[in-house]
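In case it helps, mature numbering (1 follows the signal peptide of the UniProt record, and there is no 0) puts the sequence shown at residues -22 to -1, 1 to 320. Here a beta-carbon is modelled for each residue, glycine too, at the ideal position from N, C-alpha and C. Owing to the predicted nature of the structure, the values given are computational and were not obtained by experimental measurement.
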Amino acid sequence: MLKHLIFNTIVATLALTTPAWALPLSPGDRVKISIPEGEEFSGIFEVNVEGNLEIPYLKPLPVVGLEPEQVEENLTTALIDGAFFQPSFLRVNLLVVQWSTIEVFVSGSTFLPGRVVINELSPGEKTQPPVPVAGQYPPNRFLTAAVRDAGGVKPTADLKNVQLIRDGQARTVDLSGVLTGEPFADIPLIAGDRIIVPDSGKMQNDLVRPSQITPTGVKVFLSNLTVPATGNAVSGIGRDATSFPYGSRFSHAVTAANCAGGTRGTNAERRAILVTTEQLTGKTKYLQRPINDILVNSTNDANNPFLQANDIVACYDSKVVEFRDILNTILNPLSIIRDLFR
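Below, the structure written as structure tokens:
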């Protein structure tokens, strides 16, 4: 009992002493300033492109990267230093009424690295007047949102050593809790932040599933022209059949394309091919296996790999069906002659 109490006390102390990352301001954010008996300095102001608040009668006030409470303190100091108010009478209240869209830069082991725009506003939000509501929370201005909008992490990503670089200073962030369920620090971002997701150099199957920082699904191209189908529509291949949850495998695509099942004597030896194209080089690699083996004898990532975006899966008839078609053509030459005169 005593040990349990001591442990809880230590955890609580660490939680209180660990610095929390609040929501700092970026260009485009809008704040409402309220000052009793100071209407000239009150109103809704937007952080300009240089990162300043331009308030009447005051010099531009730098605010980018600062939390609203810090801006409130700096504004109070500026008003007192300018002899606009006596310290004992001045009351300043600052509320964020609209968090803007910001641009950050994501590199490393993500599917779509590059410049990422997060917390995008709808056309209505851009045009309607901001509503001064206290406690606004922008869930899409955080680190996980930037990683997600960069296509999500690859299966080889090192989530325990993600780098956040701000103003030339780097901080290591552990995002593994997104997938394990352990608590982690999801850091709020400001415009210009740089995120680097390092590569571990090894495949991690536990990262191949939908999550807050991985893709939700993949789009795959399917083709099944096996007998008796005369087209993909007949095979039941539509929009839903070509979209798979992230983490689906070759066997799922074969089944979705209706390549499996049917008469065992003719269909058991059907074959399927999986073609994957490397995004950077355009080089293709393929895997071809009998469908029955894919469904029954798949044991690892090599013979039943995960599906990737824009993979191609095609199904081919068995040799029994091919031989039967050749035999029918030989024994029924009239069908060939009839086709010539159509």
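Inter-residue Cα distance where the pair is residue i and residue j
i           : j           : result
residue 80  : residue 93  : 10 Å
residue 169 : residue 229 : 43 Å
residue 276 : residue 269 : 10 Å
residue 259 : residue 199 : 20 Å
residue 21  : residue 12  : 7 Å
residue 67  : residue 28  : 31 Å
residue 285 : residue 189 : 16 Å
residue 251 : residue 265 : 6 Å
residue 50  : residue 57  : 11 Å
residue 73  : residue 233 : 55 Å
residue 221 : residue 176 : 29 Å
residue 25  : residue 4   : 7 Å
residue 125 : residue 131 : 7 Å
residue 255 : residue 187 : 21 Å
residue 15  : residue 45  : 25 Å
residue 141 : residue 129 : 17 Å
residue 173 : residue 87  : 11 Å
residue 144 : residue 239 : 56 Å
residue 159 : residue 152 : 12 Å
residue 139 : residue 154 : 9 Å
residue 84  : residue 257 : 18 Å
residue 274 : residue 127 : 37 Å
Helix, strand or coil at residue i [DSSP, three-state]
i           : result
residue 177 : strand
residue 25  : coil
residue 269 : helix
residue 117 : helix
residue 41  : coil
residue 223 : strand
Buried versus exposed call for residue i [16 or more other C-beta atoms within 10 Å across all chains shown]
i           : result
residue 192 : buried
residue 261 : exposed
residue 194 : exposed
residue 78  : buried
residue 147 : exposed
residue 236 : buried
residue 184 : exposed
residue 100 : exposed
residue 115 : exposed
residue 165 : buried
residue 90  : exposed
residue 150 : exposed
residue 64  : exposed
residue 206 : In this prediction, residue 206 has a pLDDT of 48, which is less than 50 and means its spatial position is unreliable; what the coordinates show is noted afterwards. It is exposed - the Cβ of residue 206 has fewer than 16 other Cβ atoms within 10 Å.
residue 263 : exposed
residue 60  : exposed
Close beta carbons around residue i, own chain, < 8 Å, minus the five adjacent residues each side
i           : result
residue 179 : 134
residue 156 : 122, 137, 162, 189, 190, 191
residue 54  : 68, 70
residue 181 : 133, 134, 279
residue 117 : 123
Own chain, CB closer than 6 Å to residue i, minus 5 neighbours either side, in chain order
i           : result
residue 294 : 249
residue 43  : 2, 168
residue 38  : 30, 32
residue 283 : 228
residue 253 : 262, 264, 290
Distance cut-off 7 Å: residue i Cβ against heavy atoms of the ligand NAP
i         : result
residue 1 : Summarising the ligand content, the structure contains no ligands, and the ligand NAP is consequently not present.
Beta-carbon proximity list for residue i, same chain, < 7 Å, skipping 5 on both sides
i           : result
residue 95  : 79, 81
residue 120 : 164, 165, 166, 167
>> Quick check on the DSSP output: what are the complete alpha helix (DSSP H) runs of length 4 or more inside the region 229 to 265, in order along the chain?
In response: 242 to 245
> Which ranges does the alpha helix (DSSP H) cover as unbroken runs of at least 4 residues, wholly within the region 124 to 203, from first to last along the chain?
Replying inline: 155 to 158
> Which runs of the beta strand (DSSP E) fall wholly inside the region 53 to 109 and span at least 3 residues, in chain order?
Replying inline: 71 to 76, 80 to 86, 92 to 96
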